[in-house]
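Asker:
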Amino acid sequence: MVYAALERSMRARLGRECLYVPSCRLGLYVALRHFCPPGGRVLMSPVNDDVIFFVVLAAGLRPVQAPLRPHDATIDAAAVPEDVWRGLSAVLTTNLYGNPDPAPQLAARCAESGIALLEDAAHAIGSEIGGRPVGTYGDASVFSLSKHTGAKAGGFLAVRDPALRAGLERARDALLRPARAGAELAYALRPSAEAAVRGLRLAGAARAAMRLLGAVERQEIRMPLRPGGLKAATARAPALGPFHPWVRVDMHDYRLTPGRVRLRRTERLLGRLGTTLAAHRAGTEKLLATPWALATGPVQPLFRVPLLVADRDAAIAALARARVTTGYLYDPPLDDYAGAPFTDVSPAPEAARWFARHALPADPLRADVTLGVLRASGARPAPPYGD
Ligand SMILES: Cc1ncc(COP(=O)(O)O)c(C=O)c1O
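To convert, take the position in the sequence shown, counting from 1, and add 72; that gives the working numbering.
(1) Check for me: the beta strand (DSSP E) holding residue 116 runs from which residue to which?
(2) Return yes when the C-beta of residue 298 is under 6 angstroms from any heavy atom of ligand 1, and no when it is not.
(3) Suppose you measure from the CA of residue 261 to the CA of residue 331; what does that come to, to the nearest Å?
(4) Taking 6 angstroms as the cut-off, does the CB of residue 124 come closer than this to any heavy atom belonging to ligand 1?
(5) Considering Cα atoms alone, identify which of 128, 172, 169 and 209 is closest to residue 183.
(6) How close, in whole Å, do the beta carbons of residue 353 and residue 435 come, if the pair is a contact with beta carbons under 8 angstroms?
(7) Please classify residue 308 as buried or exposed, where buried requires at least 16 neighbouring CB atoms within 10 angstroms.
(8) Between residue 415 and residue 110, is the Cβ-Cβ spacing less than 7 angstroms?
(9) By the three-class DSSP mapping on this structure, what secondary structure does residue 90 have?
(10) Would you mind reading off the limits of the beta strand (DSSP E) that contains residue 380?
(11) In chain order, what residues of the same chain have a beta carbon less than 8 angstroms from the beta carbon of residue 143, not counting five sequence neighbours either side?
(12) Quick check on residue 433: does DSSP put it in helix, strand or coil?
(13) Tell me which residues share the same chain as residue 410 and place their Cβ nearer than 7 angstroms to its Cβ, disregarding the 5 neighbours each side in the sequence.
(14) Check this for me: beta carbons of residue 192 and residue 221, under 7 angstroms apart or not?
(15) Let's see if you can read the secondary structure: which residues bound the alpha helix (DSSP H) around residue 126?
(16) Would you call the stretch 341 to 359 and the stretch 318 to 333 touching, i.e. three or more CB-CB distances under 8 angstroms?
(17) Report the CB separation of residue 107 from residue 190 in whole angstroms; it is logged as a contact under 8 angstroms.
(18) Considering only heavy atoms of ligand 1, does any lie closer than 6 angstroms to the CB of residue 323?
(19) Is residue 96 near ligand 3 - that is, is its Cβ less than 6 angstroms away from at least one heavy atom of it?
(20) Quick one: Cα of residue 324 to Cα of residue 225, how far?
(21) Along the alpha helix (DSSP H) that carries residue 348, what are the first and last residues, could you check?
(22) Kindly examine ligand 1 and report whether one of its heavy atoms sits closer than 6 angstroms to the Cβ of residue 192.
(23) Please name the residue in 358, 98 and 444 whose C-alpha comes closest to that of residue 249.
(24) Could you give the first and the last residue of the continuous beta strand (DSSP E) run that contains residue 372?
(25) Would DSSP call residue 53 helix, strand or coil?
(26) State yes or no: is the C-beta of residue 173 nearer than 6 angstroms to some heavy atom of ligand 1?
(27) Between the C-alpha atoms of residue 341 and residue 223, what's the straight-line distance to the nearest angstrom?
See below:
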């Protein structure tokens with residue numbers, strides 16, 4: 073089987089049955105459809121990629137926004153009201169930038185309530201909590217090989233119960249679109265195209281090229297909601313097709329059967345994951361030892377380190393002048409972005425707003441240049457939460 077080597081390698085990391093998926097978002101859709109009845113309610117973090125929000129809607133589910141802890145945007149399980157718990161079908165963690173949500177507590181609470189815990193470990197492939205990898209607490213977890221691994225394609229759906237594999241594999245295969253030679257060629261050429269335009273220092277041209285590949289589509293942090301179209305799509309859920317314009321953002325190949333080039337590159341990059349994670353951990357350590365870092369706990373190989381700065385947009389502009397691009401911003405929180413027609417709003421939205429406004433997701437692989445720019449530009453740490 074073509075995915076066997078990749079799945080073996082991930083199974084060895086995680087100790088769980090792993091199914092290859094062409095993107096984390098597709099894996100999440102498969103998991104949500106399997107574990108939640110249509111019309112179910114899913115507790116999730118409002119500081120999250122909007123793609124994930126649209127995947128929940130596509131699965132025919134109602135997003136319910138959770139209260140967060142201000143310094144790392146993890147779910148504040150104790151602040152979720154009892155009546156909210158009673159109406160849920162599942163909890164979906166985010167593990168934002170690699171900072172683990174409180175999976176042991178959430179797993180215990182979900183078991184008590186008889187609902188599923190699903191872990192989005194897209195940012196957290198090397199993170200641990202309670203001495204175990206993120207992604208080993210839930211009924212299912214999803215990983216993205218576009219993040220730390222850098223494959224820009226692929227992911228895994230991992231499950232606690234290996235007996236579920238055959239059914240989930242059938243569900244995945246039913247959603248896959250046939251491989252396209254053009255898409256595979258674009259994928260093969262992408263690293264050299266990116267390097268070439270970067271080498272020429274043509275930032276504008278690079279963005280245009282990436283846009284052509286469907287890799288950069290947003291003009292703003294959040295994609296346009298288009299509420300009219302979204303409402304019509306929601307009436308047709310559960311189904312991925314009607315949500316295509318929202319779910320495909322930044323990755324038009326999200327449900328494409330991968331070709332040989334993609335799988336070989338992914339295998340090579342996944343084989344190097346240990347070295348990659350060591351570099352992320354070293355950069356994280358540097359970034360956490362600065363006045364802009366507020367998160368505490370053991371150093372993890374974070375995907376991004378959320379530095380909390382007073383004027384986030386000025387810091388982004390200063391970094392851009394030094395050719396450091398800032399991505400993975402999730403501002404405003406999803407309940408402010410989409411509103412009550414599409415989601416239950418958080419009962420305590422302030423911490424999420426504060427975090428979303430101040431968080432500067434710093435790439436640990438560029439820790440030195442990032443810190444140099446922040447120091448030189450006089451970036452001030454965010455004022456304490458609640459001031
Ligand atoms: C938190 C989170 N989960 C899931 C995804 C989806 O990953 P993929 O692009 O592999 O579908 C993303 C994408 O950026 C993400 O930020």
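All residues carry an ideal CB built from backbone N, CA and C; glycine is no exception.
Answerer: Taking the definition as stated:
(1) The sequence position of residue 116 within the sequence shown is 44, counting from 1. That run of the beta strand (DSSP E) goes 113 to 116.
(2) Numbered from its first residue, the sequence shown carries residue 298 at position 226. Answer for residue 298: no, Cβ out of range of ligand 1.
(3) To locate residue 261, count along the sequence shown from 1; it is residue 189. To locate residue 331, count along the sequence shown from 1; it is residue 259. Approximately 14 angstroms between the Cα atoms of the pair.
(4) Indexing the sequence shown from 1 puts residue 124 at position 52. Result yes, Cβ under 6 angstroms from ligand 1.
(5) Within the sequence shown, the letter at position 111 stands for residue 183. Comparing Cα positions, the closest option is 209.
(6) Here the question's residue 353 lines up with position 281 in the sequence shown. Here the question's residue 435 lines up with position 363 in the sequence shown. Contact doesn't hold; Cβ gap of about 13 angstroms is too wide.
(7) Residue numbering aside, residue 308 sits at position 236 when the sequence shown is read from its first letter. The residue is exposed, with fewer than 16 neighbouring Cβ atoms inside 10 Å.
(8) Along the sequence shown, one-based indexing puts residue 415 at 343. Along the sequence shown, one-based indexing puts residue 110 at 38. Cβ atoms of residue 415 and residue 110: not closer than 7 angstroms.
(9) Stepping through the sequence shown from its first residue, residue 90 is reached at position 18. Residue 90 falls in the strand class under three-state DSSP.
(10) Reading the sequence shown from its first residue, position 308 is the one you call residue 380. It spans 377 to 380 - the beta strand (DSSP E) in which residue 380 sits, taken as one unbroken run.
(11) As a first step, residue 143 is located in the sequence shown; it is residue number 71 there, counting from the start. 366, 367, 368, 380, 427 and 457.
(12) Residue numbering aside, residue 433 sits at position 361 when the sequence shown is read from its first letter. Of the three classes helix, strand and coil, the one that applies to residue 433 here is strand, per DSSP.
(13) Within the sequence shown, numbered from 1, the residue matching residue 410 stands at position 338. Correct list, in chain order: 125 and 297.
(14) Taking the sequence shown and counting its residues from 1, one reaches residue 192 at position 120. Taking the sequence shown and counting its residues from 1, one reaches residue 221 at position 149. In this structure, residue 221 does not lie closer than 7 angstroms to residue 192 by Cβ.
(15) Counting from 1 along the sequence shown, the entry for residue 126 is found at position 54. It spans 122 to 130 - the alpha helix (DSSP H) in which residue 126 sits, taken as one unbroken run.
(16) no
(17) Counted from its first residue, the sequence shown places residue 107 at position 35. Counted from its first residue, the sequence shown places residue 190 at position 118. Right, their Cβ atoms sit about 6 angstroms apart.
(18) In the sequence shown, the residue the question calls residue 323 occupies position 251. True, at least one ligand heavy atom lies under 6 angstroms from that Cβ.
(19) Ligands in the displayed structure: ligand 1; ligand 3 is not one of them.
(20) Position 252 of the sequence shown, counted from the start, is the residue given in the question as residue 324. Position 153 of the sequence shown, counted from the start, is the residue given in the question as residue 225. Approximately 10 angstroms, taken between the alpha carbons.
(21) Residue numbering aside, residue 348 sits at position 276 when the sequence shown is read from its first letter. Its alpha helix (DSSP H) spans residues 345 to 360.
(22) Residue mapping note: residue 192 aligns to position 120 of the sequence shown, counting from 1. Flag set: Cβ of residue 192 near ligand 1.
(23) Residue mapping note: residue 249 aligns to position 177 of the sequence shown, counting from 1. Ranking the options by Cα distance to residue 249, first place goes to 98.
(24) Start at 1 with the first residue of the sequence shown, and residue 372 comes out as number 300. Element bounds for residue 372: n/a, residue is neither H nor E.
(25) With the chain represented from 73 up to 459, any question about residue 53 goes unanswered, as that position is not in the structure.
(26) For this step, residue 173 is matched to residue 101 along the sequence shown. Answer for residue 173: no, Cβ out of range of ligand 1.
(27) The residue given as residue 341 occupies position 269 in the sequence shown. The residue given as residue 223 occupies position 151 in the sequence shown. Rounded to whole angstroms, residue 341 to residue 223 spans 7 angstroms at the Cα level.
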